[in-house]
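Undergrad: One structure, pasted below without further comment.
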Amino acid sequence: MIVDVNFVGLIIASIMASAVPLILASCGELITERSGVLNLGVEGMMIIGAISGFALMTVTGSLIIAVFGAMLAGVLISTIFAFLTQTLITNHVATGLALTIFGIGISAMIGKNFVGIPGKEFPVLFEGLKDTIPLLSPILFGHSIVFYFAFALPFITSYFLKKTKIGLIVRAVGDSPESASNQGINVRFVRYACILYGGAMCGLAGAYLSMIYTPQWIENMTGGRGWIALALVVFSTWNPIKILIGAMIFGGLTIIQFHMQAIGVRIPVQFLTALPYIVTIIVLVVISRDSRKIRLSTPSSLGKSFHKDN
Amino acid sequence: MNTNLKISNVTKIYPGCVANDDVSLEFNSGKIYALLGENGAGKSTLVKILSGVVIPDEGKIYLNKNILELNSPSDAKKNDIGMVFQHFNLFETLSVFENLIIDSDEQRENLKEKIDTIMKKYNFSVDLDVPVLNLSAGQKQKVEIIRCLIRSPKVLIMDEPTSVLTEQETSELFLSLKKFSEEGILIIYITHKLKEVMQLCDEVAVMRRGKLVSVSQINNENIESLANKMVGQDLKTIKKKKENTSSEQLIKITNLNFTSEDPFETNLVDINFSLNRGECLGIAGISGNGQSELFQVLSGEIISNKNSIEFNKNFIGNLNPQERREYLMAFSPEDRLEQAAIPQMAIFENVALNNFKSSNFFNNGLINESKIKEHSKKIISEFNVNTNNIDLKSQFLSGGNLQKLIIGRELITSPDLLICFNPTWGLDVGAINYIHETLIKINEQNKSIILISTDTDELLKLSDKISVIHRGKLSKIMNAEDVTSEKLGILMGGGN
Chain V
1 MIVDVNFVGL IIASIMASAV PLILASCGEL ITERSGVLNL GVEGMMIIGA
51 ISGFALMTVT GSLIIAVFGA MLAGVLISTI FAFLTQTLIT NHVATGLALT
101 IFGIGISAMI GKNFVGIPGK EFPVLFEGLK DTIPLLSPIL FGHSIVFYFA
151 FALPFITSYF LKKTKIGLIV RAVGDSPESA SNQGINVRFV RYACILYGGA
201 MCGLAGAYLS MIYTPQWIEN MTGGRGWIAL ALVVFSTWNP IKILIGAMIF
251 GGLTIIQFHM QAIGVRIPVQ FLTALPYIVT IIVLVVISRD SRKIRLSTPS
301 SLGKSFHKDN
Chain H
1 MNTNLKISNV TKIYPGCVAN DDVSLEFNSG KIYALLGENG AGKSTLVKIL
51 SGVVIPDEGK IYLNKNILEL NSPSDAKKND IGMVFQHFNL FETLSVFENL
101 IIDSDEQREN LKEKIDTIMK KYNFSVDLDV PVLNLSAGQK QKVEIIRCLI
151 RSPKVLIMDE PTSVLTEQET SELFLSLKKF SEEGILIIYI THKLKEVMQL
201 CDEVAVMRRG KLVSVSQINN ENIESLANKM VGQDLKTIKK KKENTSSEQL
251 IKITNLNFTS EDPFETNLVD INFSLNRGEC LGIAGISGNG QSELFQVLSG
301 EIISNKNSIE FNKNFIGNLN PQERREYLMA FSPEDRLEQA AIPQMAIFEN
351 VALNNFKSSN FFNNGLINES KIKEHSKKII SEFNVNTNNI DLKSQFLSGG
401 NLQKLIIGRE LITSPDLLIC FNPTWGLDVG AINYIHETLI KINEQNKSII
451 LISTDTDELL KLSDKISVIH RGKLSKIMNA EDVTSEKLGI LMGGGN
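Read top to bottom, the protein sequences are chains V and H. With the first letter of the first sequence counted as 1, position 230 gets the number 230 in the working numbering; the numbers rise by one all the way through. With the first letter of the second sequence counted as 1, position 412 gets the number 412 in the working numbering; the numbers rise by one all the way through.
Encoded structure:
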């Protein structure tokens, strides 16, 4: 059997494409969690991003407005979360769950009018280079700008946290909000900013799904990717590079199990569908076993409300 | 240049408590000032006001005759007031250097140079690249001090700095503080330890219940006079009557061993001792030499060989703490809020926790709240716990009151043996005195005590027999009269 190298390249590219929303949402949530805030509303923010992006694209016809509109929608819904948890000091877990339920509900409501409408084609970059190098060309060229941004994001996030002063402040707030406050850092402001940033990235992840990956609106189209993104953050032990690895494994197994089902491998379908979830978590647990590193990268104040008393 | 810091008529009222009541004080550079008071006297509130963490209801602060607006910690920093808190304000998972650069406006290289200069000058050695959680308490404190020194402060405030330090680290700290003072930094030293005030400071201000009681020169004071001012009454000096104790053996430990899988724990090697009724056995040692492991083995948190512990002619080495309590043992662990009590639970609930079986607190699995509350009230009044609200969460009790509650909870069942571990750690003089009196009283009632403590003065005061634990091994048991603190010091260091 002769394997077409370009076919292999295409499979890898499709794996990468399916990893994009996970990387975007996880990297956003990672910043939120590094500041000590646990936002379980990722799924809700993603789906709001998905419907906002698709609706704006259909209504305005402008892709730029649609993408930025989806990010803004993510910011707006995360503002609710930020206001509740940071200003009114509500419980992070309960508020985040409520946000997801709210997001799924409201997106279904808005989305009623958009079911069945075909999406628009999203422009891709470097299309002319697609046939230049065997194997690598389909991987490297001919993708949307969001795709390239997503694969740069883990490295940008890592650099931001390790090398910049603002990144240091975010980590400090997540480590000990009390100490940070006593050092004159405005904990509430930092946490607001991190939550809003997380919202923007989830909104973008949603827009990618409804505008680029499968350009149409289907109710509940995020399909639990928000929860996977959350799991990736935790099991990667808050390390953006490991998020990239986890997202690739998850995307890869999702695609491969589709092909296995298509070929007719005699393994129960349920097991194949569950495979990406199980393997991703096992791999991440195994590569993140160093307890010292876990202690160093886990935000100690994660999920705890900070109330500055006077 | 001289620095003059003036606190003028400062008042701060919290709901139900006046933390600072019209306090006025004046400090001048070149001297080390002590701010002395028991826990809850208002010292910490006052220094929090000076560092901008707490805003006073009334009163003003002047630095060199200029009025200071201290609305946030950064205001204090801007005005050259440096502060080292009792609980470190460090980010454990960040490296030392990251901790230092976070609130500095300087460039990396400049800051590094500055830190190097400071470390050389004061002979500090801290590795800048390791995460803070790997440092010892003394090193963490040095990081805090360096953080203040980077800003070349005019005023340096130290809040109970020695509570987490070893003696060696304490004397190093005192040397540094004296050096800072000579260089013109005004030092305010907050403490409730009288010895330290006498050793280090030039002037002393005493606070009690939010009020300033006295300001005086150290030369005119001594430990007793300061203690009396601090507590507000003459302290009785407690002395244990040495009388012939009974010769009836209560507990006998034979060839007790414990090997831990955790590399940070100490293994216990061949522990042997016995104790008669009415006696107090003191176990001395530098912390981390196996005391907490020994406490856990004796209390049943760690289960050992059945025959290794004989108590009242029963072999109980394999029983858990609750079962041992039924044989009339009682325990007061070292960490009051982590091990002895549950901070988020009410006083009466904590009282119920050590008494699951041998009481009428529970009927058919239901909690008999009125019985427990009645019992709790009895403990509170008999053991002088300063609250009348048994629904209060135990985390809101002061250390002294919580310790009294814990000891009371254990003793009210009149056990034959009380095992306690650092019972007076971090408490003020009044509470320490009370705990000591209580421990002496139970010895007089022909009950026994095993006192594991890192405070040698306490051990010499209370024990009939003393042994020293070093690297998991117990020295031979000595009669307390034959022991001096020098001798204990040698044994604690591993000498003979």
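Don't be surprised by glycine CBs; every beta carbon is placed ideally from N, CA and C.
Would you say ASN310 of chain V faces chain H, with C-beta separation under 8 Å as the test?
TA: Position 310 of the first sequence, counted from the first residue, corresponds to residue 310 of chain V. Bear in mind that a pLDDT of 39 at ASN310 of chain V, under 50, signals an unreliable position, so the model cannot answer this.
Undergrad: Could you have a look at TYR197 of chain V and say whether DSSP puts it in helix, strand or coil?
TA: Indexing the first sequence from 1 puts residue 197 of chain V at position 197. Note: TYR197 of chain V maps to helix in three-state DSSP.
Undergrad: Going along chain H, which residues have a C-beta under 7 Å from LEU296 of chain V?
TA: Here the question's residue 296 of chain V lines up with position 296 in the first sequence. Those within 7 Å of LEU296 of chain V in chain H are THR93 and PRO131.
Undergrad: Quick check: GLY430 of chain H and SER163 of chain H, are their CB atoms within less than 8 Å of each other?
TA: As a working mapping, residue 430 of chain H is identified with position 430 in the second sequence. As a working mapping, residue 163 of chain H is identified with position 163 in the second sequence. Not closer than 8 Å, so no.
Undergrad: Give the straight-line distance between the Cα atoms of SER158 of chain V and ALA193 of chain V, rounded to the nearest whole angstrom.
TA: Taking the first residue of the first sequence as 1, we reach residue 158 of chain V at position 158. Taking the first residue of the first sequence as 1, we reach residue 193 of chain V at position 193. SER158 of chain V and ALA193 of chain V: Cα-Cα distance of roughly 18 Å.
Undergrad: Start and end of the alpha helix (DSSP H) containing CYS201 of chain H?
TA: The residue labelled residue 201 of chain H in the question sits at position 201 within the second sequence. Taken as a continuous stretch (DSSP letters only), CYS201 of chain H belongs to no alpha helix (DSSP H), as it is neither H nor E.
Undergrad: Would you say SER144 of chain V reaches chain H, if we count a Cβ-Cβ gap shorter than 8 Å as a contact?
TA: Sequence index remark: in the first sequence, residue 144 of chain V carries index 144 (1-based). No, its Cβ sits nowhere closer than 8 Å to a Cβ of chain H.
Undergrad: Are the C-beta atoms of ILE102 of chain H and some chain V residue less than 8 Å apart?
TA: Position 102 of the second sequence holds residue 102 of chain H. So, interface residue.
Undergrad: How would you label ILE255 of chain V, buried or exposed, when you count the other beta carbons within 10 angstroms and need 16 or more for buried?
TA: Position 255 of the first sequence, counting from 1, holds the residue named residue 255 of chain V. Buried is the call here.
Undergrad: What are the boundary residues of the alpha helix (DSSP H) that includes ASP116 of chain H?
TA: For the purposes of this step, residue 116 of chain H is taken as residue 116 along the second sequence, with counting starting at 1. Its alpha helix (DSSP H) spans residues 108–122.
Undergrad: Classify SER171 of chain H: buried if its beta carbon has 16 or more other beta carbons within 10 angstroms, exposed otherwise.
TA: The residue labelled residue 171 of chain H in the question sits at position 171 within the second sequence. Classification for SER171 of chain H: exposed.
Undergrad: So the alpha helix (DSSP H) LEU294 of chain H belongs to, where does it begin and stop?
TA: Locating residue 294 of chain H in the second sequence gives position 294, where the first residue counts as 1. Element bounds for LEU294 of chain H: 291–299.
Undergrad: Quick one: give me the first and last residue of the alpha helix (DSSP H) that ASN350 of chain H is part of.
TA: As a first step, residue 350 of chain H is located in the second sequence; it is residue number 350 there, counting from the start. Start and end: 347–353.
Undergrad: According to a CB-to-CB cut-off of less than 8 Å, which residues of the segment 162–180 of chain V neighbour chain C?
TA: The structure shown contains no chain C; its protein chains are V and H.
Undergrad: Taking Cβ-Cβ distances shorter than 9 Å, what residues in chain H pair up with SER291 of chain V?
TA: Numbered from its first residue, the first sequence carries residue 291 of chain V at position 291. Residues of chain H passing the Cβ test: none, with the nearest at roughly 12 Å.
Undergrad: Taking the straight line between their C-alpha atoms, what separation do you get for ILE145 of chain H and LEU5 of chain H?
TA: If you number the second sequence from 1, residue 145 of chain H lands on position 145. If you number the second sequence from 1, residue 5 of chain H lands on position 5. Rounded to whole angstroms, ILE145 of chain H to LEU5 of chain H spans 20 Å at the Cα level.
Undergrad: Using only the alpha-carbon positions, how far apart do SER300 of chain V and ILE223 of chain H sit?
TA: Numbered from its first residue, the first sequence carries residue 300 of chain V at position 300. Numbered from its first residue, the second sequence carries residue 223 of chain H at position 223. Their Cα atoms are separated by approximately 42 Å.
Undergrad: How should ARG289 of chain V be labelled, buried or exposed, when 16 other C-beta atoms within 10 angstroms of its C-beta is the threshold for buried?
TA: Position 289 of the first sequence, counted from the first residue, corresponds to residue 289 of chain V. When all chains shown are included, ARG289 of chain V counts as exposed.
Undergrad: Would you identify the three-state DSSP class for GLY399 of chain H, choosing helix, strand or coil?
TA: Numbered from 1 along the second sequence, position 399 holds the residue referred to as residue 399 of chain H. Looking at GLY399 of chain H - three-state DSSP - the assignment turns out to be helix.
Undergrad: Measure from the alpha carbon of ASP127 of chain H to the alpha carbon of each residue in H:LEU50, H:VAL96 and H:ASP103, then state which is nearest.
TA: If you number the second sequence from 1, residue 127 of chain H lands on position 127. Nearest C-alpha to ASP127 of chain H: H:VAL96.
Undergrad: Kindly list the residues whose CB is nearer than 7 Å to the CB of ASN310 of chain V, restricted to its own chain and excluding five residues on each side of it in sequence; keep chain order.
TA: Residue 310 of chain V sits at position 310 when you count from the first residue of the first sequence. Low confidence applies to ASN310 of chain V: its pLDDT is 39, below 50, so where it sits in the model is not reliable enough to give any reading.
Undergrad: Please report how far the alpha carbon of LEU250 of chain H lies from the alpha carbon of LYS465 of chain H, in whole angstroms.
TA: By one-based count along the second sequence, residue 250 of chain H stands at place 250. By one-based count along the second sequence, residue 465 of chain H stands at place 465. Cα-Cα distance, rounded: 14 Å.
Undergrad: Say whether chain H places a C-beta atom closer than 8 Å to the C-beta of ASN182 of chain V.
TA: Indexing the first sequence from 1 puts residue 182 of chain V at position 182. Yes - at least one Cβ of chain H is within 8 Å of the one on ASN182 of chain V.
Undergrad: Determine, using beta-carbon pairs with one atom in the segment 234–247 of chain V and one in the segment 9–24 of chain V, whether at least three such pairs fall under 8 Å.
TA: Yes, since at least three Cβ pairs between the segment 234–247 of chain V and the segment 9–24 of chain V fall closer than 8 Å, the two stretches touch.
Undergrad: In the DSSP output, what is VAL28 of chain H paired with across the bridge?
TA: In the second sequence, counting from the first residue as 1, residue 28 of chain H sits at position 28. The identity of residue 28 of chain H in the sequence shown is Asn, whereas the question assumes Val. Answer is H:ASN4, bridged to ASN28 of chain H.
Undergrad: Tell me which residue opens and which closes the beta strand (DSSP E) that ASN255 of chain H is part of.
TA: Mapped onto the second sequence, residue 255 of chain H falls at position 255. Counting along the chain, the beta strand (DSSP E) containing ASN255 of chain H begins and ends at 249–258.
Undergrad: Could I get the ranges of all uninterrupted alpha helix (DSSP H) runs contained in the segment 222–247 of chain V, with 4 residues as the minimum, in chain order?
TA: Listed in chain order, they are 225–235.
Undergrad: Measure from the C-beta of SER74 of chain H to each C-beta in chain V and report whether the shortest distance is under 8 Å.
TA: Here the question's residue 74 of chain H lines up with position 74 in the second sequence. By this cut-off, SER74 of chain H is an interface position.
Undergrad: Judging by CA-CA distance, which residue of H:ASN363, H:ALA341 and H:GLU310 is the nearest neighbour of ASN354 of chain H?
TA: To locate residue 354 of chain H, count along the second sequence from 1; it is residue 354. Ranking H:ASN363, H:ALA341 and H:GLU310 by Cα distance to ASN354 of chain H puts H:ALA341 first.
Undergrad: From ILE390 of chain H to PHE348 of chain H, what distance separates their C-alpha atoms?
TA: The residue labelled residue 390 of chain H in the question sits at position 390 within the second sequence. The residue labelled residue 348 of chain H in the question sits at position 348 within the second sequence. Straight-line Cα distance between these residues: approximately 6 Å.
Undergrad: With distances taken from CA atoms, which of H:ILE442, H:ILE157 and H:LYS393 is nearest ILE32 of chain H?
TA: Within the second sequence, the letter at position 32 stands for residue 32 of chain H. Answer by Cα proximity: H:ILE157.
Undergrad: In the DSSP assignment, find the beta strand (DSSP E) that holds HIS470 of chain H and state where it starts and stops.
TA: Walking along the second sequence from the start, residue 470 of chain H turns up at place 470. Counting along the chain, the beta strand (DSSP E) containing HIS470 of chain H begins and ends at 465–470.
Undergrad: Excluding the five sequence neighbours on either side, which residues of its own chain have a C-beta within less than 6 Å of the C-beta of VAL59 of chain V, listed in chain order?
TA: The residue you call residue 59 of chain V lines up with position 59 of the first sequence. Contacts found: none.
Undergrad: Rounded to the nearest angstrom, what separates GLY317 of chain H and LYS195 of chain H at their Cα positions?
TA: Locating residue 317 of chain H in the second sequence gives position 317, counting from the first residue. Locating residue 195 of chain H in the second sequence gives position 195, counting from the first residue. Distance between the alpha carbons of GLY317 of chain H and LYS195 of chain H is about 41 Å.
Undergrad: Once DSSP output is grouped into helix, strand and coil, what is the label at ASN310 of chain V?
TA: To locate residue 310 of chain V, count along the first sequence from 1; it is residue 310. Confidence at ASN310 of chain V is low in this model, with a pLDDT of 39, below 50, so the placement of that residue should be treated as unreliable; the coordinate-derived value is given next. If DSSP states are grouped into helix, strand and coil, ASN310 of chain V belongs with coil.
Undergrad: Just checking my contact of LEU491 of chain H with VAL468 of chain H at CB under 8 Å: how many whole Å lie between their CB atoms?
TA: Working through the second sequence from its first residue, we reach residue 491 of chain H at position 491. Working through the second sequence from its first residue, we reach residue 468 of chain H at position 468. Confirmed, about 4 Å.
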